[in-house]
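Undergrad: Have a look at this one.
There are 2 protein chains.
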Amino acid sequence: MSGTGGRVTIATVAREAGRSISTVSAALNGAPGVSGATRAEILRVAAELGYEADPRARLLRAAHTGIVGVSCIAGQAFQVQLVDGLYRAAREHGHGLSLTAATEHHGEVEGVRGLVRDRCEGIVVVDSRIPYEDLASASAGLPLVVMCRPSPAPGVEAVRSDDRAGMTALVEHVLGTGRRDLVHLDGAGASCTQLRSEAFRAAMEARGLPGRVVPGGQDEEAGVRAVSVLAGRGSMPQALLCYNDHAALGALLELRRRGLRVPQDVAVAGYDDIPVAGVSAVDLTTVRQDVEVLTDTALQRLAERLPCATGRRSRAGGDRPAREDGAPLGAVGAVEHTVAPHLVVRGSTA
Amino acid sequence: MSGTGGRVTIATVAREAGRSISTVSAALNGAPGVSGATRAEILRVAAELGYEADPRARLLRAAHTGIVGVSCIAGQAFQVQLVDGLYRAAREHGHGLSLTAATEHHGEVEGVRGLVRDRCEGIVVVDSRIPYEDLASASAGLPLVVMCRPSPAPGVEAVRSDDRAGMTALVEHVLGTGRRDLVHLDGAGASCTQLRSEAFRAAMEARGLPGRVVPGGQDEEAGVRAVSVLAGRGSMPQALLCYNDHAALGALLELRRRGLRVPQDVAVAGYDDIPVAGVSAVDLTTVRQDVEVLTDTALQRLAERLPCATGRRSRAGGDRPAREDGAPLGAVGAVEHTVAPHLVVRGSTA
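First to last, the sequence lines map onto chains A and B. Quick note: the first sequence uses UniProt numbering, first residue 1, plus one each step. Quick note: the second sequence uses UniProt numbering, first residue 1, plus one each step.
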């Protein structure tokens with residue numbers, strides 16, 4: 001095909017196909033605005049002519065897509081907020097975003113591999129539940145930033161809320177209503193379980209009170225189950241601080257079903273401030289995570305490590321200072337960026 | 001670079017880079033299993049040598065990625081089930097899947113354009129809320145299948161549940177409990193609003209009863225609001241049939257908050273059978289959509305229209321017959337495939 005004489009350029013293809021250069025370029029690059037039929041025709045003409053894109057330009061383009069990948073767990077309302085924030089932040093940073101969601105039939109490893117296939121250059125992993133080694137292997141050496149969990153390995157950047165600050169503020173508020181017998185329903189292995197349970201215990205101990213933690217979970221059923229267990233034991237506390245809002249909603253439903261009044265008989269609090277927490281018939285006290293700062297920070301940390309980062313660093317470190325509170329914990333240790341959360345007081349603890 | 005003499009093949013690159021051909025191939029194609037550093041080194045060597053992949057193979061590959069795109073609306077639990085089903089079905093059909101979610105800061109048009117950028121060859125749009133013209137323009141002529149709404153234009157294939165059958169079964173069940181005064185809270189513009197409202201009215205009229213429809217919505221707040229309005233008017237019916245389970249949960253919460261017993265004072269039903277419907281403290285009667293058949297059908301309809309479909313049709317039409325009930329409505333009209341739903345009776349209407 002190279003024997004047709006002279007270099008076949010995109011202009012040659014456009015002339016032979018009777019199309020504009022921009023249409024041919026869009027068709028060859030899979031850009032929008034070209035119908036399937038037109039695209040097929042242009043690809044056919046290009047192949048017949050033996051059109052070869054500049055190999056170095058193609059390699060360069062292949063290596064610099066500017067696309068960031070985001071892996072999340074489907075079904076948690078808070079993750080929807082984070083994904084929304086990441087879409088917003090990616091656009092502001094000038095990046096495309098490819099999304100994958102872990103579901104019952106689609107694991108995180110498979111999803112991250114799909115992001116690599118989709119030519120992502122770096123990956124943000126939200127709320128991962130698999131070992132770091134599996135993540136690192138699936139992401140094929142691309143830069144990684146993890147969200148909503150501690151840094152899983154030396155040098156891996158993590159962006160998360162300051163759960164100690166959030167839980168402490170929540171405990172102080174509930175103690176401030178005069179209640180003393182508080183129980184935390186833990187996250188049963190969810191990514192921030194340990195952080196929130198430890199923060200609860202520490203905040204209670206700081207006031208000389210026992211920090212009772214019982215098994216909970218991260219969905220409505222977990223909240224229902226925990227309340228049933230506590231009621232069965234006759235050990236219902238004055239306040240239930242749940243791992244997240246989903247579990248708190250379940251707890252609230254089950255308390256009401258049993259004829260217990262919220263907050264008069266039992267106060268209930270959640271974590272995350274998902275939309276249902278603010279619904280008037282729920283009116284749930286909770287801890288709002290700062291989605292805007294969390295997602296801006298994650299995108300910025302990732303962007304600085306992308307192959308196309310040259311020239312962006314001054315901007316990233318300059319006119320857009322990170323508002324996060326944290327700082328690297330050490331040159332060879334975990335790198336964590338923690339963001340301050342906000343207490344949201346509503347009727348469920350009034 | 002073509003002046004280096006002789007054709008530079010992938011073997012040349014492998015030799016010069018001191019890597020295996022499979023590693024070089026993986027690096028050039030962005031496949032997993034190659035570290036970022038190795039990939040960068042291989043790309044550098046390839047560019048230096050002036051390596052050119054066979055342009056026809058590259059064009060062919062560019063035109064046949066086998067990737068299907070899925071656009072969904074984030075935040076609805078039923079969409080999580082559909083996305084899970086689509087991941088499963090795509091794997092069974094041998095396709096990769098790229099996902100985009102519409103969120104507050106990321107519209108459907110932008111998302112579908114991202115799928116085109118991600119080299120998808122066909123797109124499944126779940127529960128779209130934008131005009132068809134915008135979808136068609138964003139998808140750049142790629143094959144489209146729409147889910148959970150009627151076909152929006154001649155020739156566009158739609159896959160959805162048979163809402164008439166589902167709603168009729170639900171109305172018959174509630175009437176069977178002896179209740180006569182039923183109200184439907186509509187979807188307030190959600191994709192199946194008209195289908196479900198009409199089916200409710202028709203089922204009631206078939207029994208000689210008035211089919212009262214009031215404004216509702218598709219989230220918890222909508223259910224709370226509708227119950228408040230009905231209570232304010234003193235026109236609370238014996239049963240509330242809500243557009244979906246989210247709205248039904250809101251209605252149930254607000255009824256209980258007002259001291260009304262479910263189902264003794266007011267029965268409540270939803271639609272979709274999302275996970276929270278089955279939680280014991282909710283125990284919601286609902287209509288389960290057949291996610292497996294819906295997603296298999298959608299993938300199959302799309303797969304037959306992909307450029308790589310040659311040779312697959314016999315399989316698609318052969319050993320894996322579609323279990324859907326519907327049939328094309330006519331050669332030039334809308335093409336709709338409807339799937340039978342299932343009534344799930346629980347305590348909220350017992």
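Virtual Cβ for every residue (Gly too), placed ideally from N, Cα, C.
Between which two residues does the beta strand (DSSP E) carrying S98 of chain B extend?
TA: It spans G96 to A102 - the beta strand (DSSP E) in which S98 of chain B sits, taken as one unbroken run.
Undergrad: Cα-Cα, which of B:Q218, B:G216, B:R201 and B:G217 is closest to P210 of chain B?
TA: Comparing alpha-carbon positions, the option among B:Q218, B:G216, B:R201 and B:G217 lying closest to P210 of chain B turns out to be B:R201.
Undergrad: Between which two residues does the beta strand (DSSP E) containing R180 of chain B stretch?
TA: Taken as a continuous stretch (DSSP letters only), R180 of chain B belongs to no beta strand (DSSP E), as it is neither H nor E.
Undergrad: Could you tell me the alpha carbon to alpha carbon distance between A298 of chain A and V146 of chain A, rounded to whole angstroms?
TA: 8 Å
Undergrad: By the 10 Å Cβ neighbour count, where 16 or more other Cβ atoms means buried, how is Q264 of chain B classified, buried or exposed?
TA: exposed
Undergrad: Is the shortest distance between the beta-carbon of E254 of chain A and the beta-carbons of chain B less than 8 Å?
TA: yes
Undergrad: Can you list, in chain order, the residues of its chain with a C-beta nearer than 8 Å to that of G122 of chain A? Leave out the 5 residues immediately preceding and following it.
TA: V68, G69, L142, P143, L144, V145, L302, A303, R305 and L306
Undergrad: Starting from the beta carbon of E101 of chain B, find every residue of chain A whose beta carbon is closer than 7 Å, and list them in chain order.
TA: Checking the displayed sequence, the identity of residue 101 of chain B turns out to be Ala instead of Glu. Per Cβ cutoff of 7 Å: V83 and L99.
Undergrad: Determine whether the beta carbon atoms of A89 of chain A and D296 of chain A lie at a separation below 8 Å.
TA: yes
Undergrad: Flag this pair as touching only if the region 30-49 of chain B and the region 85-105 of chain B have three or more C-beta atom pairs under 8 Å; answer yes or no.
TA: no
Undergrad: Just to check my reading of the structure: I130 of chain B and E110 of chain B have Cβ atoms closer than 8 Å, yes? What is that Cβ distance to the nearest angstrom?
TA: Not confirmed; about 11 Å, so no contact.
Undergrad: Just the C-alpha distance for S228 of chain B and E254 of chain B, rounded to the nearest angstrom, thanks.
TA: 8 Å
Undergrad: Could you give the residue range of the beta strand (DSSP E) that holds G111 of chain B?
TA: G111 of chain B -> not in any beta strand (DSSP E); alpha helix (DSSP H) instead, spanning E108 to R117.
Undergrad: Report the residues of the region 99-128 of chain A with a CB closer than 7 Å to any CB of chain B, ordered along the chain.
TA: L99, T100, A101, T103, E104, H105, H106, R113, G114, V116, R117, D118 and R119
Undergrad: Name the chain B residues whose beta carbon is nearer than 7 Å to that of L142 of chain A?
TA: G36
Undergrad: Run through the DSSP bridge pairs and tell me what E336 of chain A is partnered with.
TA: A:A158
Undergrad: Spatial neighbours of I274 of chain A within its chain, please: CB distance less than 6 Å, with the 5 preceding and 5 following residues excluded, ordered by chain position.
TA: A77, F78 and D245
Undergrad: Using the DSSP secondary-structure output, state which residues sit across from S71 of chain A in a beta bridge.
TA: A:T100 and A:V125
Undergrad: Taking just the CA atoms, how far does S139 of chain B sit from Q71 of chain B?
TA: Just to set this straight, residue 71 of chain B is Ser in the shown sequence, not Gln. So the alpha carbons of these two residues sit roughly 11 Å apart.
Undergrad: Quick one: grab the DSSP three-state call for D272 of chain A.
TA: Secondary structure of D272 of chain A (DSSP, three-state): strand.
Undergrad: Can you tell which of B:V266, B:T12, B:R15 and B:A46 has its C-alpha closest to the C-alpha of A27 of chain B?
TA: B:A46
Undergrad: Let me know the secondary structure DSSP gives V146 of chain A once reduced to three states.
TA: Under the three-state reduction of DSSP output, V146 of chain A falls in the strand class.
Undergrad: Are the beta-carbon atoms belonging to L195 of chain B and V287 of chain B less than 8 Å from one another?
TA: no
Undergrad: Which one or two residues does DSSP pair with A242 of chain A in a beta bridge?
TA: Note that residue 242 of chain A is Cys in the sequence shown here, rather than Ala. DSSP output for C242 of chain A lists A:L185 as bridge partner(s).
Undergrad: Return the Cβ separation of V156 of chain A and P237 of chain A in integer angstroms, given the expectation that the two are a contact with Cβ distance under 8 Å.
TA: Taking a contact as a CB-CB distance under 8 Å, the pair V156 of chain A and P237 of chain A does not count as one, their CB atoms being some 38 Å apart.
Undergrad: Please name the residue in B:L185, B:R19 and B:Y51 whose C-alpha comes closest to that of A37 of chain B.
TA: Nearest option by C-alpha distance: B:R19.
Undergrad: Only counting runs of 3 or more residues, tell me where the beta strand (DSSP E) segments fall wholly within the region 260-305 of chain A, in order along the chain.
TA: 267-269 and 286-288
Undergrad: Suppose you measure from the CA of V266 of chain A to the CA of R225 of chain A; what does that come to, to the nearest Å?
TA: 16 Å
Undergrad: Less than 8 Å between the C-beta atoms of D127 of chain B and S98 of chain B, yes or no?
TA: no
Undergrad: Output needed in chain order: residues of the region 244-271 of chain A with a Cβ under 7 Å from some Cβ in chain B.
TA: So the close ones are G250, L253, E254, R256 and R257.
Undergrad: Do the CB positions of L241 of chain B and A269 of chain B come within less than 8 Å of each other?
TA: yes
Undergrad: Could you compute how far the alpha carbon of R91 of chain B sits from the alpha carbon of A101 of chain A?
TA: 15 Å
Undergrad: Contact check, E104 of chain A vs V279 of chain B under 8 Å by CB: the rounded distance?
TA: With 8 Å as the limit, E104 of chain A and V279 of chain B do not qualify as a contact, their Cβ atoms being about 17 Å apart.
Undergrad: May I have the straight-line CA-CA distance separating V345 of chain A from R257 of chain A, to the nearest angstrom?
TA: So the two alpha carbons sit approximately 23 Å from each other.
Undergrad: Quick one: what does DSSP say R44 of chain A is sitting in, helix, strand or coil?
TA: helix
Undergrad: Per DSSP, V212 of chain B is paired with what?
TA: Position check: residue 212 of chain B holds Arg in this sequence, whereas Val was assumed. DSSP lists B:V183 as partners of R212 of chain B.
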